[in-house]
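Below is one structure, written out as structure tokens; the observations come after it.
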Amino acid sequence: MIYSFIVIILILTGIIIFQYRLKAARDKQIKYMYEKLDRIITERTSENLLVFTDDKELIHLLMGINNLLNHNQKILADYTKKEESIRKMISNISHDLKTPLTVIVGYLEIIQSNKSIQNELEKEVNKAHEKSVELLTLINTFFDLAKLESGDKEMPLEKTNINEACRKSILEFYEILTNQGLDVSIEIPDENIYAAGNQEALDRVLRNLISNAITYGNDGGVVGLTLKQDDSFVYIEVWDKGKGIDEMNKESVFERLYTLEDSRNKLYQGSGLGLTITKRLVESMEGDISLSSKPYEKTVFTVKLEKLAS
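In this text, residue positions in the sequence shown follow my numbering: the first is 1201, and each later residue adds one.
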């Protein structure tokens, strides 16, 4: 009797130990699956989950997850392919239209310079020239964006004097600011501040932002440029006190072809690409651009770049 009782206890103990080890093994496998899946999603790799197990339920779960991962990877690959196709199409169309349009603008300028012809067709020629220049500017804008997004436009980073870049950019607009009666607030430290940047890209970013502030914030009566720094980064703020951008639209101003009627994303009239190009240029310098806006108080575009030692 005692012997039978001991046998039963041993069997039950064995079952408990077996179930405990089985649960521990399953918990370990589930933890691995979770961590692996999280890494696949975060790093966007094309891996699948691989777990050696005899657990039928885990096998079915693994098959379902891997099927979902494969489907997601196919969708992502198709999306990337279509995006690349669109970029190439825009680039090709821009290039194909740019050459003949440049020739048309050239011929119109020749006609404008010929007084005898110009007197007869002055109004029509001037209007045709104006619209041709607008169209050429628009095509160049599409072309620039296509090159930026496809990575064809090289933007080598170098040690850049941010003080000089800011002074140069605001001086370019001195006459426009004066003619429009706008006050100018410039806060640039005497100490030279350097950042990892590209002179061409930085000049264009600042021109775009200052032009944007003048065009869409002039009802505030002031345009400002402020240069700041901390231990790791340089911050360039271009601001105004105009009507600003409402909360609902702040997240959209950097999107391609965003042309809300009352938006400020019209550096190139009608294109909806001005701030998109600005954002891409900042990103090409491994920086970041952000927006904060309180209507008629302060609207600020902030460019953040990695600081370099003087």
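Beta carbons: idealized from backbone N, C-alpha and C, even for Gly. Small disclaimer: the values here were computed from a predicted structure and weren't measured.
Straight-line gap, residue i to residue j (C-alpha atoms, nearest Å)
| i | j | result |
| --- | --- | --- |
| Phe1501 | Glu1284 | 29 Å |
| Lys1368 | Met1448 | 34 Å |
| Asn1248 | Lys1443 | 51 Å |
| Asn1408 | Thr1478 | 7 Å |
| Val1422 | Asp1278 | 47 Å |
| Ile1393 | Thr1280 | 39 Å |
| Asp1431 | Asn1363 | 17 Å |
| Pro1495 | Ile1388 | 25 Å |
| Asn1412 | Leu1308 | 30 Å |
| Ile1445 | Asp1403 | 24 Å |
| Leu1237 | Leu1262 | 11 Å |
| Glu1322 | Asn1314 | 10 Å |
| Arg1239 | Gly1487 | 25 Å |
| Ser1463 | Asp1419 | Note on Ser1463: pLDDT 46, under 50, position unreliable in the model; the coordinate value appears next. Roughly 14 Å separates the two Cα atoms. |
| Arg1273 | Thr1253 | The amino acid at residue 1273 is misidentified as Arg; the sequence shows Gln. Roughly 25 Å separates the two Cα atoms. |
| Leu1357 | Lys1228 | 46 Å |
| Val1333 | Leu1250 | 59 Å |
| Asp1383 | Trp1439 | 12 Å |
| Pro1300 | Ile1310 | 15 Å |
| His1271 | Ile1241 | 13 Å |
| Gln1235 | Glu1257 | It is worth fixing the name first, because residue 1235 is Glu in this sequence and not Gln. Cα-Cα distance, rounded: 19 Å. |
Beta-carbon proximity of residue i to residue j, cut-off 9 Å
| i | j | result |
| --- | --- | --- |
| Lys1151 | Tyr1435 | This structure does not reach residue 1151, given that the chain is present from 1201 up to 1510, and the question cannot be answered. |
| Lys1370 | Leu1406 | Before going further, note that residue 1370 is Ile rather than Lys in the sequence given. Yes. |
| Lys1507 | Phe1433 | yes |
| Lys1450 | Glu1437 | no |
| Phe1373 | Ile1414 | yes |
| Leu1481 | Leu1348 | yes |
| Leu1276 | Arg1244 | yes |
| Thr1341 | Leu1473 | yes |
| Leu1338 | Ser1385 | no |
| Arg1221 | Asp1255 | no |
| Glu1391 | Ser1246 | no |
| Ile1259 | Met1233 | no |
Close Cβ partners of residue i (< 8 Å) along its chain, the five nearest in sequence each way excluded
| i | result |
| --- | --- |
| Gln1312 | Gln1318, Val1325, Asn1326 and His1329 |
| Gln1380 | Ile1414 and Asn1418 |
| Val1305 | His1329, Ser1332, Val1333 and Leu1336 |
| Asn1361 | Asn1392, Ile1393 and Tyr1394 |
| Gln1469 | With a pLDDT of only 43 at Gln1469, under the threshold of 50, the placement of this residue in the model should not be trusted; the figure read from the coordinates follows. Taken in chain order, the residues that qualify are Glu1334. |
Own chain, CB closer than 7 Å to residue i, minus 5 neighbours either side, in chain order
| i | result |
| --- | --- |
| Glu1497 | Lys1441 |
| Thr1302 | Leu1336 |
| Lys1282 | none |
Neighbourhood of residue i by C-beta, 6 Å cutoff - its chain only, sequence neighbours within 5 removed
| i | result |
| --- | --- |
| Lys1466 | Confidence at Lys1466 is low in this model, with a pLDDT of 42, below 50, so the placement of that residue is unreliable and no value is reported for it. |
| Met1355 | Asn1398, Ala1401 and Ser1484 |
Residue i: CB within 8 Å of a non-hydrogen atom of the ligand GDP
| i | result |
| --- | --- |
| Leu1481 | No copy of the ligand GDP occurs in the structure displayed, which carries no ligand at all. |
Three-state secondary structure (DSSP) of residue i
| i | result |
| --- | --- |
| Thr1476 | helix |
| Asn1449 | helix |
| Gln1380 | coil |
| Tyr1468 | Residue confidence for Tyr1468 is low, a pLDDT of 38 falling below 50, so the modelled location carries little weight; the figure read from the coordinates is stated next. Here Tyr1468 sits in coil by DSSP. |
| Lys1281 | helix |
| Glu1506 | strand |
| Phe1433 | strand |
| Leu1460 | Per-residue confidence for Leu1460 stands at a pLDDT of 42, beneath the threshold of 50, marking its modelled position as unreliable; the derived number appears in the next sentence. Note: Leu1460 maps to coil in three-state DSSP. |
| Asn1408 | helix |
| Glu1486 | coil |
| Ile1393 | coil |
| Asp1440 | strand |
| Ser1385 | strand |
| Ser1369 | helix |
| Asn1248 | coil |
| Gly1306 | helix |
| Asn1361 | strand |
| Gly1424 | strand |
| Phe1501 | strand |
Classification of residue i by the beta-carbon crowding that lies within 10 angstroms, buried from 16 upward
| i | result |
| --- | --- |
| Asp1344 | buried |
| Ser1493 | buried |
| Ala1395 | buried |
| Tyr1416 | buried |
| Ile1230 | exposed |
| Ile1410 | buried |
| Ala1365 | buried |
| Thr1499 | buried |
| Ala1224 | exposed |
| Ile1489 | buried |
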